[in-house]
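FYI, the numbering for the sequence shown is -17 to -1, 1 to 318, going by mature numbering (1 follows the signal peptide of the UniProt record, and there is no 0).
One structure is given here, and the rest of the page talks about it.
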Amino acid sequence: MKYIGLLLSSLLGSSAAKKIRGTDDNEVTGRELMFSPFEECMARISTETEWPIPNSDPVDTGRIDSAFGPVHSVCLDQDIFHKGIAVFGHPDDPVVAPYDGKVVMALADCVVIEHIFTGGETCQFHGDLVKNWYSLFLGMKDVGVVVGADLTKGDQIGKVGHHACKNGDHVRTSVEYQIRVGSRFSLKTAIKDGYAQSYEPTINPLFAHKDLKDPHVVSDAEAYGDDGDDVMISVRTMDDEPNVNRYEISCTSGAVHVLDLSLRVGFDPSDALAAFDKTVPYLDAQPFGNMRTHWTGHLIIPKNFMDASGDHCNVEIIDVWGDKKSTSFNYPLSA
């Protein structure tokens, strides 16, 4: 196996999503230009939110137990697209509302809260104009709120519960935390209520928590692979922040590909990751479990995507807060 280190250059980027020509999700009309993209709307509320397990430091008991995006489920023993993050906590730790809102669902172990953007502004998401975002919590116990209740940021909604596989293995204490943007909190509900919502509403919950931001977003990246084989780029994020959201890959041969986790560009939006097109760059599933000091993701760039006769490829890595890292390599990899 031959290895090559990659030069990383840190650049502060705009939180607005880049518009990629030819992708339906990114077509912009004159009317839509009047409204902010969801990334900017989330950035405005992200300094006002509260971490859902307030008695814990995010790198201690509130650490993230599973990342957003492709993960390997230990219970199902298969790769899935995780639509939220699992926040680890101690048994009976309080779970609180991250932002002011109204309870729209309250079950024995699940709560959904409807929120509005700052000042009631209307924002763009998948070409749709929306005024609401939702926080969803699953796997709690002692839920203490009811549908219709008005909540203030920091109000307790329940306690951390226990999770386990159906056979009783892999017991852990955590809460599933999701952030959703749309006319309704689920695609199924939107369709039932007559809304023309055709997209998956879940985004990385870290969009709503800029207070977790660390200046060293991506601390390390390395490409490796045998000459003439696929290239794997290992991307590490420190301080328990699996916050990488977008990859833009371009090669001098003309090959271009975009992977955006929250917009589902380049991804199968269902749970069936086996349907991924692996002739273009894709992400390997991350392990499901406590990553106390760092998260490492693997971007796979297939050999057939590149020109074997000395192609040069650039990869731009963009996190949920718009910060960027650029890295490049020559293919085939040399010693």
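From the three backbone atoms N, C-alpha and C, an ideal C-beta is built for every residue, glycine too.
Keep in mind that this is a model prediction, so the values were computed, not measured.
Relative to residue 163, the option among 246, 313 and 268 whose CA is nearest is 246. The Cβ neighbour count for residue 130, taken over all protein chains shown within 10 Å, is under 16; the residue is labelled exposed. Beyond the five residues adjoining it in sequence on each side, residue 168 comes within less than 6 Å, by CB distance, of 95 and 117 in the same chain, given in chain order. For residue 52, the three-state secondary structure derived from DSSP is strand. In this structure, the CA atom of residue 295 is about 9 Å from the CA atom of residue 315. Judged by DSSP in its simplified three-state form, residue 85 adopts strand. Separation of residue 142 and residue 286 (C-alpha to C-alpha, rounded to the nearest whole angstrom) is 48 Å.
Taking the Cβ atoms as the reference, residue 185 lies roughly 4 Å from residue 66, within the contact range of under 8 Å. Counting of Cβ neighbours within 10 angstroms places residue 269 among the buried residues, the total reaching 16 or more.
With a threshold of 16 other beta carbon atoms within 10 Å, residue 282 meets it and is buried. Looking at 109, 311 and 192, the one whose alpha-carbon comes closest to that of residue 165 is 109. Residue 23 sits in a helix when the DSSP states are folded into three classes. According to DSSP, residue 76 shares a beta bridge with no other residue. Between the C-alpha atoms of residue 301 and residue 265 there is a straight-line separation of about 15 Å. Under the 8 Å Cβ criterion, the stretch 54 to 68 does not count as touching the stretch 20 to 29, having fewer than three qualifying pairs.
A direct Cα-to-Cα measurement between residue 243 and residue 77 gives close to 33 Å. Straight-line spacing of the CA atoms in residue 68 and residue 161 works out to 7 Å. Taking C-beta atoms under 8 Å as the contact rule, residue 98 and residue 122 fail to qualify, at a distance of about 21 Å. Taking C-beta atoms as the reference points, residue 84 and residue 134 count as a pair closer than 7 Å. Non-local C-beta neighbours of residue 237 in its own chain, meaning closer than 6 Å and more than five positions away in sequence, are absent.
Nearest to residue 46 by C-alpha distance, out of 58, 72 and 53, is 72. Taking a C-beta distance under 7 Å as the contact criterion, residue 54 and residue 89 do not qualify as a contact pair.
The beta carbon of residue 79 lies closer than 7 Å to those of 33, 35, 37, 137, 138, 139 and 140 in the same chain, with the five residues before and after it left out. Taking 7 Å as the cut-off, the Cβ atoms of residue 57 and residue 132 do not count as close. Between residue 313 and residue 233, the gap from beta carbon to beta carbon reaches 7 Å or more.
Residue state for residue 68 is assigned as strand, using DSSP reduced to three classes. Boundaries of the beta strand (DSSP E) around residue 228: 227 to 234. Its Cα nearest to that of residue 188, the residue 224 stands out among 215, 224 and 306. Residue 157 is a Cβ neighbour of residue 48, given a cutoff of 7 Å. In the three-state DSSP reduction, residue 18 falls in the coil class, being neither helix nor strand. With respect to residue 299, residue 311 sits apart: the two C-beta atoms are not nearer than 7 Å.
Taking C-beta separations shorter than 8 Å and ignoring five residues to either side along the sequence, the partners of residue 183 in its chain run 66, 170, 247 and 252, following chain order. Cβ-Cβ separation between residue 227 and residue 220: approximately 6 Å, consistent with a contact (criterion under 8 Å).
As the crow flies, the alpha-carbon of residue 290 is around 13 Å from that of residue 262.
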